[in-house]
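*Asks:* Let me give you the structure first, and then I'll get to my questions.
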Amino acid sequence: MGLQDALLHMVYPPHCVACDAMVSSDFGLCGSCWRDTPFVAGLVCDLCGTPLPGEDPGHPVHCDDCLRTARPWSHGRAAMLYRDRARDLVLKLKHGDRLDLARPAGGWLMRAAQPIVQPGMLIAPVPLHWLRLLRRRYNQSALLSAQVARLSGLEHCPDLLQRRRNTHSQEGKDRDGRFANVADSIRVHPRRRARAEGRQVLLVDDVMTSGATLAAAAEACLAVGAVGVCVLVLCRVAKEG
Ligand SMILES: [Zn+2]
Ligand SMILES: [Zn+2]
Numbered sequence: 324m325g326l327q328d329a330l331l332h333m334v335y336p337p338h339c340v341a342c343d344a345m346v347s348s349d350f351g352l353c354g355s356c357w358r359d360t361p362f363v364a365g366l367v368c369d370l371c372g373t374p375l376p377g378e379d380p381g382h383p384v385h386c387d388d389c390l391r392t393a394r395p396w397s398h399g400r401a402a403m404l405y406r407d408r409a410r411d412l413v414l415k416l417k418h419g420d421r422l423d424l425a426r427p428a429g430g431w432l433m434r435a436a437q438p439i440v441q442p443g444m445l446i447a448p449v450p451l452h453w454l455r456l457l458r459r460r461y462n463q464s465a466l467l468s469a470q471v472a473r474l475s476g477l478e479h480c481p482d483l484l485q486r487r488r489n490t491h492s493q494e495g496k497d498r499d500g501r502f503a504n505v506a507d508s509i510r511v512h513p514r515r516r517a518r519a520e521g522r523q524v525l526l527v528d529d530v531m532t533s534g535a536t537l538a539a540a541a542e543a544c545l546a547v548g549a550v551g552v553c554v555l556v557l558c559r560v561a562k563e564g
């Protein structure tokens with residue numbers, strides 16, 4: 324094994340993170356799981372990363388969802404669609420104590436983020452409420468943002484944002500319900516305001532459904548003087564089409 328392979332194996336485990344088969348290549352997944360994982364490719368919505376049909380027209384395009392909904396951020400990308408193997412991986416990361424998934428996921432996120440990362444960006448995760456953090460012991464979004472920061476060399480502020488109150492779960496709520504549930508629920512940590520001021524912030528989360536939580540987080544950054552916000556998610560929940 325050459326030095327380069329040795330280094331790769333430090334980054335990506337030798338076993339497939341989804342099925343545990345031996346993997347000889349990089350990127351964390353065996354060939355079969357790779358094919359079953361809906362990675363986003365081609366033309367995408369510039370605000371949420373949803374794949375769009377057609378050729379790249381050379382200017383930013385937006386999906387129906389983002390045309391209908393005000394997004395307080397300027398660009399967004401997603402690494403995968405929330406279904407099949409990608410859904411399993413996200414649920415394992417969230418509920419299964421599979422912290423090892425964060426490393427390969429960081430690589431997938433970085434690949435998706437290439438068009439939107441800029442020098443000087445501040446990277447921050449979407450926060451969990453501390454009660455939920457106690458129960459779950461870790462914030463899966465912070466694991467992901469740490470990997471993105473490590474791979475990009477950009478500054479990481481894992482506690483930039485905090486939840487003001489423990490919002491009810493977003494599951495089972497319709498779109499308007501989701502936005503109402505999280506409005507004003509997130510703020511910049513009072514001792515971290517100066518970090519966001521005058522900066523571009525890259526918000527990282529595991530899943531984007533309606534975008535309500537990301538909108539609340541982006542508004543909080545802008546309220547303390549961030550000059551702009553971009554969002555990066557591991558999975559985008561896309562309507563079946
Ligand atoms: Zn596999
Ligand atoms: Zn969109």
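Just so you know, this note's numbering puts the end of the sequence shown at 564, numbered straight through with nothing missing. Where is the CB? At the ideal position from N, CA and C, for every residue including glycine.
1. If I'm right that leucine 432 touches leucine 466 with Cβ under 8 Å, what's the distance once you round it to whole angstroms?
2. Under the rule that 16 or more other beta-carbon atoms within 10 Å means buried, what is histidine 479, buried or exposed?
3. Please classify leucine 366: does DSSP put it in a helix, a strand, or coil?
4. Note down, one range per segment and in chain order, each beta strand (DSSP E) of at least 3 residues found wholly within the region 357-441.
5. Is any non-hydrogen atom of ligand 1 found closer than 7 Å to the C-beta of leucine 352, if you look at the structure I gave you?
6. In the DSSP assignment, what are the bridge partners of histidine 338?
7. Using the Cα positions of cysteine 389 and leucine 366, report the straight-line distance between them to the nearest angstrom.
8. Counting pairs of Cβ atoms below 8 Å between the region 393-411 and the region 435-445, do you hit three or more?
9. Going residue by residue through the region 450-523, where are the continuous beta strand (DSSP E) segments of at least 3 residues, counting only ones entirely within it?
10. Which same chain residues end up closer than 7 Å to histidine 385 when comparing Cβ atoms and leaving out the 5 residues on each side of it in sequence?
*Replies:* On the basis of the data shown:
1. What you label residue 432 is simply residue 109 of the sequence shown in a count that begins at 1. What you label residue 466 is simply residue 143 of the sequence shown in a count that begins at 1. 11 Å between Cβ atoms; not a contact.
2. On the sequence shown, residue 479 is found 156 positions in, with the first residue counted as 1. Burial call: buried.
3. Locating residue 366 in the sequence shown gives position 43, counting from the first residue. Reduced to three states, the DSSP call for leucine 366 is coil.
4. 398-404
5. Counting from one through the sequence shown, the residue named residue 352 turns up at place 29. Result yes, Cβ under 7 Å from ligand 1.
6. For this step, residue 338 is matched to residue 15 along the sequence shown. Answer is Met345, bridged to histidine 338.
7. In the sequence shown, residue 389 corresponds to position 66, counting from 1. In the sequence shown, residue 366 corresponds to position 43, counting from 1. About 15 Å.
8. yes
9. 484-486, 509-511
10. In the sequence shown, the residue the question calls residue 385 occupies position 62. Once the five neighbours on either side are set aside, the close Cβ partners of histidine 385 are Cys368, Asp369, Leu370.
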